[in-house]
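One rule links them: number in my numbering = place in the sequence shown (from 1) + 190.
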Amino acid sequence: MNNASKQVPQHEQQEKYALREMLDSCLQAQPNANNNDVTRSILADTLKSKFQCFRGHSLPYIEDLPFQYEMCLKYPQTLETDIEKYVVKFGFGDVTSKCELSDKYETTFQVFAILDKETVATLVDGALYHIKGTFRDFANNSAETGFKLPSGKCLVDYPSVGVSAFGDKPFIDMGTLVIDSLSFTQIKQQ
191 MNNASKQVPQ
201 HEQQEKYALR
211 EMLDSCLQAQ
221 PNANNNDVTR
231 SILADTLKSK
241 FQCFRGHSLP
251 YIEDLPFQYE
261 MCLKYPQTLE
271 TDIEKYVVKF
281 GFGDVTSKCE
291 LSDKYETTFQ
301 VFAILDKETV
311 ATLVDGALYH
321 IKGTFRDFAN
331 NSAETGFKLP
341 SGKCLVDYPS
351 VGVSAFGDKP
361 FIDMGTLVID
371 SLSFTQIKQQ
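What follows is the structure, given as structure tokens:
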């Protein structure tokens with residue numbers, strides 16, 4: 191049999207994303223997750239615990255996704271090691287990074303990391319990147335996470351699930367992830 195006849199056109203091939211596989215698995219295990227606020231909060235708690243298993247480790251759910259570099263702000267200098275550091279923000283979502291994981295749900299979240307000035311200078315506004323790093327935690331007000339916004343205020347942002355404005359499907363906001371030792375590779379636009 192000719193291999194060429196088996197090939198699926200590239201535009202019909204669906205990328206395999208670790209996040210999609212995890213979300214699909216959770217939604218399959220919780221088929222009534224979008225019924226009401228209680229079932230949506232149960233799904234959000236499940237997602238939070240799936241991510242928190244990776245605290246202090248590489249987070250496979252982000253490594254294959256396209257993220258848009260959105261902004262940076264000078265990090266408050268509270269320690270000597272904070273000199274010339276910046277908080278950078280990357281966003282993921284249907285609109286932000288132009289990546290729709292599924293037609294069954296919408297997904298969005300953001301990643302914050304602290305980087306030195308020289309590294310931040312290599313980022314391009316609005317460009318897409320693949321990112322890697324160590325998952326510290328979701329942005330929260332704990333001493334353990336120890337992440338403050340440049341304003342000096344704390345941000346608390348865990349996963350939440352609502353209903354999409356575009357149909358009766360879940361809108362999954364994975365919250366704000368704080369990533370240490372972040373590295374990135376720009377995705378070349380075609």
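Glycine included, C-beta positions come from ideal geometry on N, C-alpha and C. Just so you know, these numbers come straight off a predicted model, no measurement behind them.
Give a yes or no on whether the C-beta atoms belonging to phenylalanine 213 and tyrosine 295 are separated by under 8 angstroms.
Here residue 213 is taken as the residue at index 23 of the sequence shown, counted from 1. Here residue 295 is taken as the residue at index 105 of the sequence shown, counted from 1. Note on residue identity: the sequence assigns leucine, not phenylalanine, to residue 213. Yes. Within cutoff.
Are glutamate 253 and lysine 279 close, meaning C-beta to C-beta below 8 angstroms?
For the purposes of this step, residue 253 is taken as residue 63 along the sequence shown, with counting starting at 1. For the purposes of this step, residue 279 is taken as residue 89 along the sequence shown, with counting starting at 1. Not closer than 8 angstroms, so no.
Backbone secondary structure at aspartate 358 - three-state DSSP
If you number the sequence shown from 1, residue 358 lands on position 168. Reduced to three states, the DSSP call for aspartate 358 is coil.
In terms of alpha-carbon separation, which member of Ala219, Ile369 and Lys378 lies closest to phenylalanine 299?
As a first step, residue 299 must be located in the sequence shown, where it is residue number 109. The option with the nearest alpha carbon to phenylalanine 299 is Ile369.
Helix, strand or coil for isoleucine 273 per DSSP?
Residue mapping note: residue 273 aligns to position 83 of the sequence shown, counting from 1. Here isoleucine 273 sits in coil by DSSP.
Could you name the residues of the same chain whose beta carbon sits closer than 7 angstroms to that of cysteine 344, not counting the 5 residues immediately before and after it, in chain order?
As a first step, residue 344 is located in the sequence shown; it is residue number 154 there, counting from the start. Counting only Cβ-Cβ distances below 7 angstroms, and skipping sequence neighbours, we find Asn331 and Lys338.
For a test of the three-state rule: what should DSSP assign to tyrosine 259, helix, strand or coil?
The count along the sequence shown starts at 1 and reaches residue 259 at position 69. Residue state, collapsed to three classes: strand.
I'd like to know whether the C-beta atoms of valine 353 and asparagine 225 end up nearer to each other than 8 angstroms.
Your numbering for residue 353 matches position 163 in the sequence shown. Your numbering for residue 225 matches position 35 in the sequence shown. Contact: no.
Residue span of the alpha helix (DSSP H) that contains isoleucine 232, given as start and end
Within the sequence shown, numbered from 1, the residue matching residue 232 stands at position 42. 227-242 is the extent of the alpha helix (DSSP H) around isoleucine 232.
Can you have a look at phenylalanine 356 and say buried or exposed, based on whether 16 or more other CB atoms are within 10 angstroms of its CB?
Position 166 of the sequence shown, counted from the first residue, corresponds to residue 356. By the neighbour-count rule (16 or more Cβ atoms within 10 Å), phenylalanine 356 is not buried but exposed.
Spatial distance of proline 306 from glutamate 274 (CA atoms):
As a working note, residue 306 is residue 116 in the sequence shown. As a working note, residue 274 is residue 84 in the sequence shown. Looking at the sequence itself, residue 306 is aspartate, so the reference to proline does not match. Rounded to whole angstroms, aspartate 306 to glutamate 274 spans 6 angstroms at the Cα level.
Which value, in whole angstroms, describes the spacing of the CA atoms of lysine 240 and leucine 291?
One-based indexing of the sequence shown puts residue 240 at position 50. One-based indexing of the sequence shown puts residue 291 at position 101. Near 18 angstroms, if we compare the C-alpha coordinates of leucine 291 and lysine 240.
Environment of aspartate 293 [buried if 16+ CB atoms lie within 10 Å]:
As a first step, residue 293 is located in the sequence shown; it is residue number 103 there, counting from the start. By the 10 Å Cβ count, aspartate 293 comes out exposed.
Note the first and the last residue of the continuous alpha helix (DSSP H) segment covering lysine 307.
The residue you call residue 307 lines up with position 117 of the sequence shown. 307-310 is the extent of the alpha helix (DSSP H) around lysine 307.
Looking at the unbroken alpha helix (DSSP H) that takes in serine 215, where does it start and where does it end?
The residue labelled residue 215 in the question sits at position 25 within the sequence shown. Start and end: 208-219.
Cβ separation of methionine 364 and threonine 297, assumed to be a contact under 8 angstroms, to the nearest whole Å:
Within the sequence shown, residue 364 is the residue found at index 174, counting from 1. Within the sequence shown, residue 297 is the residue found at index 107, counting from 1. Contact holds; Cβ gap of about 7 angstroms.
Report the three-state DSSP secondary structure of tyrosine 251 (helix, strand or coil).
Against the sequence shown, residue 251 aligns to sequence position 61. If DSSP states are grouped into helix, strand and coil, tyrosine 251 belongs with the helices.
Restricting to Cα atoms, I'd like to know which of Pro266, Asn222, Phe282 and Gln242 is closest to isoleucine 210.
As a first step, residue 210 must be located in the sequence shown, where it is residue number 20. The identity of residue 210 in the sequence shown is arginine, whereas the question assumes isoleucine. Checked all of Pro266, Asn222, Phe282 and Gln242; the closest Cα to arginine 210 is Phe282.
Quick one: using the 10 Å Cβ neighbour count with 16 as the cut-off for buried, is serine 341 buried or exposed?
Residue mapping note: residue 341 aligns to position 151 of the sequence shown, counting from 1. Under this definition serine 341 is an exposed residue.
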